[in-house]
Structure formats: C-alpha cells, structure tokens
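Enquirer:
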Amino acid sequence: MRMIIYIWLLLSIISANNNDLKYVFDYFINGVPSDDPINYKIDSNINYYPRLDTALYWVVPNIEFPVDVKTLKSNNNVAIEFFQNRIFIAFRSSSSHFANSTTKMIVLSSKDGDIWDKEVVIEINNDIREPLFGVIDDKLMFYYFKAGDSSIKFEPTYVYMKERLGFGEWSNEKQVSDVESRVFWSMKNRNNKLYVSSYEGEHYKIFGKSNLKVRLLESNDGINFNEISDACQYTGGVSEVAFEFDEKENFWAVSRNEDGDKSGFGSHLIFADSKDISKWNILNQSNNIYMSPRMFRHGKDIYLISRRNKGLLPFGFMPKIFPISIQRMFNWLKFTTSSKTTSLYKINEESLEIEYIFDFPGAGDTAFPAIRRLDANSFLMANYTSDINKQNRWWFWGQIKPTYIYVTKLTFETIN
-15 MRMIIYIWLL
-5 LSIISANNND
5 LKYVFDYFIN
15 GVPSDDPINY
25 KIDSNINYYP
35 RLDTALYWVV
45 PNIEFPVDVK
55 TLKSNNNVAI
65 EFFQNRIFIA
75 FRSSSSHFAN
85 STTKMIVLSS
95 KDGDIWDKEV
105 VIEINNDIRE
115 PLFGVIDDKL
125 MFYYFKAGDS
135 SIKFEPTYVY
145 MKERLGFGEW
155 SNEKQVSDVE
165 SRVFWSMKNR
175 NNKLYVSSYE
185 GEHYKIFGKS
195 NLKVRLLESN
205 DGINFNEISD
215 ACQYTGGVSE
225 VAFEFDEKEN
235 FWAVSRNEDG
245 DKSGFGSHLI
255 FADSKDISKW
265 NILNQSNNIY
275 MSPRMFRHGK
285 DIYLISRRNK
295 GLLPFGFMPK
305 IFPISIQRMF
315 NWLKFTTSSK
325 TTSLYKINEE
335 SLEIEYIFDF
345 PGAGDTAFPA
355 IRRLDANSFL
365 MANYTSDINK
375 QNRWWFWGQI
385 KPTYIYVTKL
395 TFETIN
C-alpha cells in the first residue's frame, strides 16, 4: 500500500500545475458541508485507506491576486474554511519565517475555485501569526495573535478576532483573550461549540524550568472563551496541542514538547474521558516531536498531520543526565539543521502509538496544515512548503528562503 501512496505522491508533483479548486463546489450542492465528524456515519466494518489527490493547487505563487494584494517571500501559517458557499483561505506573508515588521495576514475568498477576491489584509508593523477561522451560529470569525518584531524572540501579546460582516467587509478587531502571551493553536466546532487548545507563558527560554501552561477553552459565541477548568491541563514544555473527539466523545490529543520538562522532549499522546475532558492523561511519550500538529477523524479512526523530522536522530536525543539548558540547545540545533517534511499519521488506540502513513509534498520549512471536511470521505488540505524539489534542505535554510502555499484533497477509499 505504501508503494501505491508514493506513486500517487509522484504523480501529484508532476501534475502540480494547471489546476483549480472548482471541484470543491460540487460538495456544496446541499449547502456548505459540516466539518463535525458527528454528522457523518462511516461503516466501521469497512476498511479505508487515505489517498492524496494527484494534483496540487498552488495558491502562492500561481494564482492571480487582486491588484492591491501583494505577497512577500515567506508565505506560511495557513487556515481554510467554507462559508456562504465560498472558500476562504488565510495565510501569513512576510520577508522571512521569523518575526519582523513586514508581516501581513492575507485573507482571500473564492466563489468558484478559480478567481480569488480580497477579503482583508491585516498589517500592524509587527508580527502576526496563527490564523484560525471559526464558524458558529452562521457567523465567520477570523483569529490571530499579535507579536513583536524581533527575529530572535517569541513575543505573543493577545489574540484578536475580526467577524465577517459581508463581502470584503470585516468588523474592527476585538481582543478575545485577556491573558498576555496566550496563543490559540487549534480550533474546532464540535456540537455547535468552539473548542480551542491554547498555551501561555515564556516559550523558547534556554535556562530554567519550563513553565508553559496549556489550557483547553470553549466558547458558545466565538467571542467569549472560557477555560474548561480552574487548573490548566498541562504545565511544562508543551506549546501546541492538536486534538479531536472520538465516536464516544472522548478527547484525544498530541502535544509539541519543544521546551522540555521532566517527561523529556518530543511529544505526548493524550486522552481524556468524555465525562471530564479537563483531566488529561498522558498515554505515551515519544522522543519524536510532532510540530504544527492538526488532528481530524474519519469514522472511528483519528489522524494527525504534522511536521516530520527526516534526520537520523529523534528530536529528544540528548541524554537526561545533562542540564535541561544543554539538552535544549543541542536538541534545537540538531533539529534546525535537519531536513523536514509534512506527514500523515494514524492514532493506534490499541497500541497507543502514532503510526506514520505517508508524506505530503513538503521540504525545508514546511507544515502548518489546515484541513476542512468536504464530505464523509473527503477532506481539503492546505499547507506551506519550501521548494519541493529541495528535499534535503535544512529547516533553518528553508526559513530564510521563499516558501509557498498549496491546496490538495485527501480521500479515504475502500480497500477491496
């Protein structure tokens, strides 16, 4: 099966040009499809395997932008959504991957998958990151956080939101988090409630104990986000957390433990019973790290998309006998000077392992995936990457070189 997948991947790269997203609107015949897996019934007795579409649709550099929308060299941090029979895409465009004052957040929409219209461009002379769309009560919200302009510091301030009022018309921004340094990472509408994984605290410090706080938030209106419990869900080196709910409404998650703590460096597989999703249990810890993770469910199976390290050593390769500051520096240095790609994984709920399936097109600086359901067995996926012909390019080298954005389709097909 893996050989078949690699052949599909090769074909997708060969046929990457002369494509459009008109096919997406075939899924809109009965209205905008739901993204909530609870609305789709998948026969658990049938075996499925995921297949990547044979064509990539390049948003950057291929599409014709509106005359007043100018992209820069580094294009990354992608979000997609469907609303009022339009496709929405948002991405960060800047002079480099690192924070700087040239950054802009570009939001576009299309009513036919071919011509793209400007919705809003946000520029504040500081860095802007982590775009997220949220839809609730027939309202489209766009979220992002503001940061500083230092290329060597991670300085998130607060999370802000703009609500779409009409075509190309958005509300004034509204601050939706009163916790300084809090970052919204993953957002899902499940059972008509928005859930958000967030983290706060000093990130990427070299010395001292990691004290990042991860919280799960919820909102009934997309404006007021409440912590699901007084206590945070995790304290330590974890920042980004991807999550999804299984068929029994139990909570599953995968963490990015980049700063390190008593559990080590890498990632965790997390579970919480549906009776109390505020109480997270660490089922497994891995020295491999799943960066920029996103999760989604197809039937009873939960999948993960994240950055994959192609180096020989796992992220948390440094022995724990060394001070944590030494571990951080060597883990970070080794990881930065290794090649990367974006990969699909499956959560094995029996062995509690995160199982690699295949790679998406991706090289150098890559992986801030966005995924949106089209129907029971199909998903639209957007991502960014360095030149996909530079498969051995270091992550750092990719971060200072041009990066591009593509959209493709992931389909689950039956196994005969």
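Residue numbers (our numbering): -15 to 400. All residues carry an ideal CB built from backbone N, CA and C; glycine is no exception.
Taking only runs that begin and end inside the segment 205 to 273, name each unbroken beta strand (DSSP E) of 3 or more residues, in chain order.
Expert: Segments of the beta strand (DSSP E) lying fully in the segment 205 to 273: 218 to 220, 222 to 229, 235 to 245, 248 to 256 and 265 to 270.
Enquirer: Can you list, in chain order, the residues of its chain whose CB lies under 7 Å from that of residue 341, leaving out five sequence neighbours each side?
Expert: What you label residue 341 is simply residue 357 of the sequence shown in a count that begins at 1. Cβ neighbours of residue 341 beyond the five flanking positions: 34, 328, 329 and 330.
Enquirer: Would the segment 215 to 235 and the segment 151 to 163 be scored as touching if the rule is three or more Cβ pairs under 8 Å?
Expert: Contact fails: fewer than three Cβ-Cβ distances are below 8 Å.
Enquirer: Could you tell me how far apart the beta carbons of residue 119 and residue 103 are, in whole angstroms, since I believe they sit closer than 8 Å?
Expert: By 1-based counting over the sequence shown, the position of residue 119 is 135. By 1-based counting over the sequence shown, the position of residue 103 is 119. Residue 119 to residue 103, Cβ: 14 Å. No contact.
Enquirer: Compute the distance between the beta-carbons of residue 177 and residue 208, then report whether it is under 8 Å.
Expert: For this step, residue 177 is matched to residue 193 along the sequence shown. For this step, residue 208 is matched to residue 224 along the sequence shown. Contact flag unset, no.
Enquirer: State buried or exposed for residue 188, treating a residue as buried only when at least 16 other CB atoms are found within 10 Å of its CB.
Expert: Within the sequence shown, residue 188 is the residue found at index 204, counting from 1. Exposed is the call here.
Enquirer: From the DSSP output, read off the bridge partner residues of residue 331.
Expert: As a working mapping, residue 331 is identified with position 347 in the sequence shown. Residue 331 is bridged to 338.
Enquirer: Which term fits residue 99, buried or exposed, when burial requires 16 or more other beta carbons within 10 angstroms of its beta carbon?
Expert: As a position in the sequence shown, residue 99 is number 115, starting the count at 1. The residue is exposed, with fewer than 16 neighbouring Cβ atoms inside 10 Å.
Enquirer: Just checking my contact of residue 73 with residue 62 at CB under 8 Å: how many whole Å lie between their CB atoms?
Expert: As a first step, residue 73 is located in the sequence shown; it is residue number 89 there, counting from the start. As a first step, residue 62 is located in the sequence shown; it is residue number 78 there, counting from the start. Contact flag correct, Cβ pair sits at about 7 Å.
Enquirer: Can you grab the Cα-Cα spacing for the pair residue 16 / residue 55, in whole Å?
Expert: Residue mapping note: residue 16 aligns to position 32 of the sequence shown, counting from 1. Residue mapping note: residue 55 aligns to position 71 of the sequence shown, counting from 1. Rounded to the nearest angstrom, the two C-alpha atoms are 29 Å apart.
Enquirer: Note down, in chain order, each residue of its chain lying with its Cβ closer than 8 Å to the Cβ of residue 266, except the 5 sequence neighbours on either side.
Expert: Residue 266 sits at position 282 when you count from the first residue of the sequence shown. Once the five neighbours on either side are set aside, the close Cβ partners of residue 266 are 247, 252, 253 and 254.
Enquirer: Does the structure place the segment 17 to 31 close enough to the segment 353 to 370 that three or more beta carbon pairs sit under 8 Å?
Expert: At 8 Å Cβ cutoff, the stretches touch.
Enquirer: Near residue 212, which residues of its chain fall below 8 Å by C-beta distance, leaving aside the five closest residues on each side in sequence?
Expert: Your numbering for residue 212 matches position 228 in the sequence shown. 199, 200, 201, 202, 261 and 262.
Enquirer: Under three-state DSSP, which class holds residue 178?
Expert: As a first step, residue 178 is located in the sequence shown; it is residue number 194 there, counting from the start. It is a strand residue.
Enquirer: Can you give the Cα-Cα distance for residue 350 and residue 13, rounded to whole angstroms?
Expert: Within the sequence shown, residue 350 is the residue found at index 366, counting from 1. Within the sequence shown, residue 13 is the residue found at index 29, counting from 1. In a straight line, the C-alpha of residue 350 is about 33 Å away from that of residue 13.
Enquirer: At what residues does the beta strand (DSSP E) containing residue 362 begin and finish?
Expert: Position 378 of the sequence shown, counted from the first residue, corresponds to residue 362. Per DSSP, residue 362 belongs to the beta strand (DSSP E) from 362 to 369.
Enquirer: Measuring straight from C-alpha to C-alpha, what distance separates residue -15 and residue 110?
Expert: On the sequence shown, position 1 is the one that residue -15 refers to. On the sequence shown, position 126 is the one that residue 110 refers to. Interpretation of residue -15 is limited by its pLDDT of 44, a score under 50 that renders its predicted location unreliable; the figure taken from the coordinates is listed afterwards. Near 46 Å, if we compare the C-alpha coordinates of residue 110 and residue -15.
Enquirer: Do the segment 332 to 346 and the segment 299 to 319 touch if we need at least three Cβ pairs shorter than 8 Å?
Expert: No, the segment 332 to 346 is not in contact with the segment 299 to 319.
Enquirer: Around the Cβ of residue 149, are there at least 16 other Cβ atoms within 10 angstroms (buried) or fewer (exposed)?
Expert: For the purposes of this step, residue 149 is taken as residue 165 along the sequence shown, with counting starting at 1. Residue 149 is exposed by the Cβ-count criterion.
Enquirer: Would you give the residue range spanned by the beta strand (DSSP E) that residue 318 belongs to?
Expert: Along the sequence shown, read from residue 1 onward, the residue named residue 318 stands at position 334. No beta strand (DSSP E) holds residue 318; the alpha helix (DSSP H) holding it covers 308 to 320.
Enquirer: At which residues does the alpha helix (DSSP H) containing residue 379 begin and terminate?
Expert: Position 395 of the sequence shown holds residue 379. Here the alpha helix (DSSP H) through residue 379 covers 379 to 383.
Enquirer: Tell me where the beta strand (DSSP E) around residue 78 begins and ends.
Expert: Translated into positions along the sequence shown, residue 78 becomes position 94. Residue 78 -> beta strand (DSSP E) spans 70 to 78.
Enquirer: Looking at the unbroken beta strand (DSSP E) that takes in residue 118, where does it start and where does it end?
Expert: Counted from its first residue, the sequence shown places residue 118 at position 134. Residue 118 -> beta strand (DSSP E) spans 112 to 120.
Enquirer: In chain order, what residues of the same chain lie with their CB nearer than 8 Å to the CB of residue 275, ignoring the 5 residues before and after it?
Expert: One-based indexing of the sequence shown puts residue 275 at position 291. So the list reads 224, 240, 242, 290, 291 and 351, once near-sequence residues are dropped.
Enquirer: What did DSSP end up calling residue 142 once you bin it into helix, strand or coil?
Expert: As a first step, residue 142 must be located in the sequence shown, where it is residue number 158. Residue 142: coil per DSSP, three-state reduction.
Enquirer: Does the beta-carbon of residue 321 have 16 or more other beta-carbons within 10 angstroms, so that it is buried, or is it exposed?
Expert: Stepping through the sequence shown from its first residue, residue 321 is reached at position 337. That one is exposed.
Enquirer: With a threshold of 7 Å (Cβ to nearest heavy atom), would residue 9 be considered close to the ligand ATP?
Expert: Looking at this structure, you won't find the ligand ATP or any other ligand, since it has none at all.
Enquirer: Going by DSSP in three states, residue 286 sits in which element: helix, strand or coil?
Expert: Numbered from 1 along the sequence shown, position 302 holds the residue referred to as residue 286. Note: residue 286 maps to strand in three-state DSSP.
Enquirer: For residue 97 versus residue 71, is the C-beta distance shorter than 8 Å?
Expert: Here residue 97 is taken as the residue at index 113 of the sequence shown, counted from 1. Here residue 71 is taken as the residue at index 87 of the sequence shown, counted from 1. Result yes, Cβ atoms of residue 97 and residue 71 sit closer than 8 Å.
Enquirer: What does DSSP give as the partner residue(s) for residue 153 in the beta ladder?
Expert: Looking up residue 153 in the sequence shown gives position 169. Per DSSP, 150.
Enquirer: Quickly, what does DSSP pair residue 356 with across the bridge? List them, please.
Expert: As a position in the sequence shown, residue 356 is number 372, starting the count at 1. DSSP, once it has assigned bridges, lists 364 as partnering residue 356.
Enquirer: Going by DSSP in three states, residue 98 sits in which element: helix, strand or coil?
Expert: Against the sequence shown, residue 98 aligns to sequence position 114. Residue 98 falls in the coil class under three-state DSSP.
Enquirer: Alpha carbons only, please: which of 370, 269, 30 and 194 is nearest the one belonging to residue 389?
Expert: The residue you call residue 389 lines up with position 405 of the sequence shown. Closest by alpha carbon: 370.
Enquirer: Output needed for residue 299: all residues of its chain with C-beta closer than 7 Å, excluding positions within five of it in sequence on either side, in chain order.
Expert: Position 315 of the sequence shown holds residue 299. 249, 250, 271, 272, 273, 293, 315 and 319, listed in sequence order.
Enquirer: What would DSSP say about residue 190, mapped onto helix, strand or coil?
Expert: Reading the sequence shown from its first residue, position 206 is the one you call residue 190. Three-state result, residue 190: coil.
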